[in-house]
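Undergrad: Mind looking over this structure? Questions follow.
There are 2 protein chains.
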Amino acid sequence: MPKNVTGAQPHRKAFASRRRDPATKREAILQTAAQLFLEKGYGRTLMNDVADRLNITKPALYHYFSNKEEILLECYRWGTGLILDKLSQIAAQKGSGLEKVEAFVGEYANLMTVNFGRCVMRLDETDLSPKARAEVRGCKRNIDWRLRTFIREGIADGSITPCDPRMAAFSTAGAVNWICMWYKPEGPLTPEQIAAQFARMLTHGLAARRKRPVLQPNGARKASQLESGVMS
Amino acid sequence: MPKNVTGAQPHRKAFASRRRDPATKREAILQTAAQLFLEKGYGRTLMNDVADRLNITKPALYHYFSNKEEILLECYRWGTGLILDKLSQIAAQKGSGLEKVEAFVGEYANLMTVNFGRCVMRLDETDLSPKARAEVRGCKRNIDWRLRTFIREGIADGSITPCDPRMAAFSTAGAVNWICMWYKPEGPLTPEQIAAQFARMLTHGLAARRKRPVLQPNGARKASQLESGVMS
DNA sequence: TTTTTAACTTACCCGTGGGTAAGATATCAT
DNA sequence: ATGATATCTTACCCACGGGTAAGTTAAAAA
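For the protein sequence lines, the chains are A and B, in the order given.
If you use this note's numbering, the first sequence corresponds to residues 16 to 247, in order.
If you use this note's numbering, the second sequence corresponds to residues 16 to 247, in order.
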């Protein structure tokens with residue numbers, strides 16, 4: 016659905032003309048707001064900040080959204096929608112449970128490249144009203160449930176070692192969700208490379224095999240430093 | 016250092032008398048604030064909320080802290096201090112790199128039980144001034160660096176399969192950091208049980224061994240449902 | 001072309017909540 | 001006991017920022 020996925024340059028031109036195109040303008044606002052929420056946090060992002068970046072004035076925003084929280088909620092909805100779509104695709108395709116988990120891990124790094132995807136994990140749910148929070152948490156539970164389903168399938172078909180699906184889902188989701196905390200587009204690794212490494216570590220683990228380490232470090236490995244760390 | 020680690024009941028009694036004991040009262044404020052920050056978020060926590068829970072008035076808080084942000088910063092400092100202390104202990108003890116990573120994972124679940132520990136990962140750094148944020152990020156980089164050191168040691172001593180230490184640290188830290196997002200003291204598993212499962216999954220991975228699944232599900236497994244999910 | 005209506009602006013309101021000034025009272029040292 | 005000081009309260013200020021009222025202009029419809 017997003018017409019401008021990059022989110023790099025501000026969506027000013029959406030408001031350059033006064034032509035009636037509510038859908039595009041609504042999205043421009045959401046995209047800009049999402050960007051700002053991630054940069055400065057929801058609380059510190061003013062409606063004026065959003066308006067300024069779009070070269071319009073604050074009241075114009077209220078032509079498309081009834082209040083600030085609705086903008087936040089729509090960001091969540093868009094992000095969870097992206098994730099759930101991908102999950103549905105994966106669920107539909109053939110393969111073992113483990114392969115579906117790997118596909119999930121692989122797609123996640125990509126989703127965390129997109130602002131809306133990052134919003135889902137980085138933004139604070141306490142900024143939502145109880146009703147909106149309930150809705151978002153429902154979506155997240157749905158995501159969780161699908162991941163656990165993949166894991167249960169894997170245990171059933173023998174591709175995943177028997178374990179508590181709940182803990183396995185927590186562990187896997189935690190590792191990939193955390194990507195949105197450190198991933199920077201300018202970084203040395205592409206989303207695909209990150210996904211490949213994560214998939215390997217989560218399925219095979221850190222421990223060396225019995226005899227000798229056989230698995231060679233991934234081909235596209237770059238030893239360059241990154242200024243940001245695990246916790247940043 | 017914390018005199019009351021439970022954080023369960025409010026620290027009202029610290030202010031029951033007007034006896035001069037700044038250290039205890041400062042800690043009572045921090046502990047109460049940390050609790051509230053985690054419950055409602057920093058932005059939505061009012062100075063009056065903190066004061067109310069301690070049965071004092073707002074200006075009394077300014078006797079111990081110069082402003083709201085200083086309280087937040089002290090929560091971060093306390094939390095990172097707890098983590099770094101544990102890291103130092105682990106670094107000092109004998110063992111392979113993999114064993115140190117396992118020890119780290121094991122301790123993490125415990126740290127995420129404590130409010131200050133959870134603050135470090137759950138709270139939004141954009142609420143800090145640039146200067147304070149720089150300090151906190153420095154501490155986090157330190158934590159990250161120590162974990163990567165364990166991993167490099169493990170690769171060197173053959174206990175960890177060759178890989179990019181940076182990605183391995185991200186993955187490991189992500190999985191354990193995420194614990195603070197779903198862990199509830201009332202849950203079915205103790206921190207020790209969580210730690211054990213996580214250590215096993217992160218080191219051995221999800222994939223089943225070649226022949227047949229051999230590893231039996233952890234002894235203390237309880238199949239009870241939990242209302243919260245991976246994403247919550 | 002005229003009319004209608006969506007799109008937007010200028011000017012403003014006002015609740016909220018961090019922070020303070022000034023004073024009261026219990027505690028501690030002497 | 002008595003003064004000195006830390007502790008805490010009552011009463012208040014005011015900047016900030018979400019949201020609105022009312023009017024203006026441009027675009028689409030008739």
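Note that beta-carbon positions come from the ideal geometry of N, C-alpha and C, so glycine has one too.
If we require 3 or more residues per run, which beta strand (DSSP E) segments fall completely within the stretch 148-175 of chain B?
TA: If we require 3 residues or more, the stretch 148-175 of chain B turns out to have no beta strand (DSSP E) run fully inside it.
Undergrad: Identify the contact partners of A:Arg197 in chain B, using a Cβ-Cβ distance below 7 Å as the criterion.
TA: Contrary to the premise, residue 197 of chain A reads as Trp rather than Arg in this sequence. Those are Phe185, listed as they occur along chain B.
Undergrad: Given that A:Lys55 touches chain B, what residues does it touch there, using C-beta distances under 7 Å?
TA: Near A:Lys55 (Cβ distances below 7 Å), the residues of chain B are Thr141.
Undergrad: According to DSSP, is A:Ala75 part of a helix, a strand, or is it coil?
TA: Note: A:Ala75 maps to helix in three-state DSSP.
Undergrad: State the Cα-Cα distance for the pair B:Thr128 and A:Tyr79, rounded to the nearest angstrom.
TA: Their backbone Cα atoms lie some 43 Å apart in a straight line.
Undergrad: Is any beta-carbon of chain A found at less than 8 Å from that of B:Cys90?
TA: False, the Cβ-Cβ gap to chain A never drops below 8 Å.
Undergrad: What residues in its chain sit with their C-beta under 7 Å from that of B:Ala31, if we drop five residues either side in the sequence?
TA: Answer for B:Ala31: no residue qualifies.
Undergrad: For B:Lys226 and B:Arg167, I'd like the C-alpha separation in whole angstroms.
TA: Unreliable positioning characterises B:Lys226 in this predicted model, as indicated by a pLDDT of 46, which lies under 50. The coordinate reading is nonetheless provided below. Spanning the two alpha carbons is a distance of roughly 31 Å.
Undergrad: State the CB to CB distance for the pair A:Leu69 and A:Ala43, rounded to an integer number of angstroms; the pair is presumed to be in contact (CB under 8 Å).
TA: Confirmed, about 6 Å.
Undergrad: Taking all protein chains shown into account, do 16 or more other C-beta atoms lie within 10 angstroms of the C-beta of B:Pro180, making it buried, or fewer, making it exposed?
TA: B:Pro180 is buried by the Cβ-count criterion.
Undergrad: Is there a Cβ of chain A sitting closer than 8 Å to that of B:Ala190, yes or no?
TA: Closer than 8 Å: yes.
Undergrad: Cβ atoms of A:Asn192 and B:Gly56: under 8 Å apart, would you say?
TA: It is not a contact, given that the beta carbons lie outside the stated cut-off.
Undergrad: Report yes or no: is there a C-beta of chain A within less than 8 Å of the C-beta of B:Trp93?
TA: No, no contact with chain A.
Undergrad: By a C-beta neighbour count over all protein chains shown, 10 Å radius and 16 as the cutoff for buried, is B:Asp139 buried or exposed?
TA: Per the 10 Å Cβ criterion, buried.
Undergrad: On the three-state DSSP scale, how would you describe B:Ala31?
TA: Residue state, collapsed to three classes: coil.
Undergrad: Using a Cβ-Cβ cutoff of less than 8 Å, which residues in the same chain neighbour A:Thr141 once the five nearest sequence positions on both sides are dropped?
TA: Arg148.
Undergrad: Thinking B:Met196 and A:Ala183 are a contact (beta carbons under 8 Å), I'd like their distance in whole angstroms, please.
TA: B:Met196 to A:Ala183, Cβ: 16 Å. No contact.
Undergrad: Please tell me whether A:Gln212 has its Cβ less than 8 Å away from any Cβ of chain B.
TA: So, interface residue.
Undergrad: Below 8 Å, how does it come out for the stretch 156-171 of chain A and the stretch 85-92 of chain A: are there three or more Cβ pairs, yes or no?
TA: Short answer: they don't touch.
Undergrad: My assumption, with CB atoms under 8 Å, is that B:Asn125 sits in contact with B:Pro200. Please give the rounded CB distance.
TA: Rounded, the Cβ-Cβ distance is 12 Å, inconsistent with contact.
Undergrad: So, for B:Leu143: in the same chain, excluding its five sequence neighbours on each side, which residues have a beta-carbon less than 7 Å away from its beta-carbon?
TA: The answer, listed in chain order, is Glu84, Leu87, Leu88 and Val151.
Undergrad: Can you find a C-beta in chain A that's less than 8 Å from the C-beta of B:Asp179?
TA: Yes, B:Asp179 lies at the interface with chain A (some Cβ there is under 8 Å from its Cβ).
Undergrad: Which partner residues of B:Ala118 appear in the DSSP bridge assignment?
TA: In DSSP, B:Ala118 forms no bridge with anything.
Undergrad: Is it right to say B:Ala29 is buried, meaning 16 or more other beta carbons lie within 10 angstroms of its own, or is it exposed?
TA: So B:Ala29 ends up on the buried side.
Undergrad: For the alpha helix (DSSP H) containing A:Val65, name the first residue and the last one.
TA: Residues Met62 to Arg68.
Undergrad: How would you list, in chain order, the residues of chain B whose beta-carbon sits under 7 Å from the beta-carbon of A:Leu87?
TA: Within chain B, no residue comes near A:Leu87; the closest Cβ sits about 13 Å away, beyond 7 Å.
Undergrad: Shortest alpha-carbon distance to A:Glu117 belongs to which of A:Gln212, A:Pro37 and A:Arg224?
TA: Nearest of A:Gln212, A:Pro37 and A:Arg224 to A:Glu117, Cα basis: A:Gln212.
Undergrad: Please classify A:Gly153: is it buried, with 16 or more other beta-carbons within 10 angstroms of its beta-carbon, or exposed?
TA: Classification for A:Gly153: exposed.
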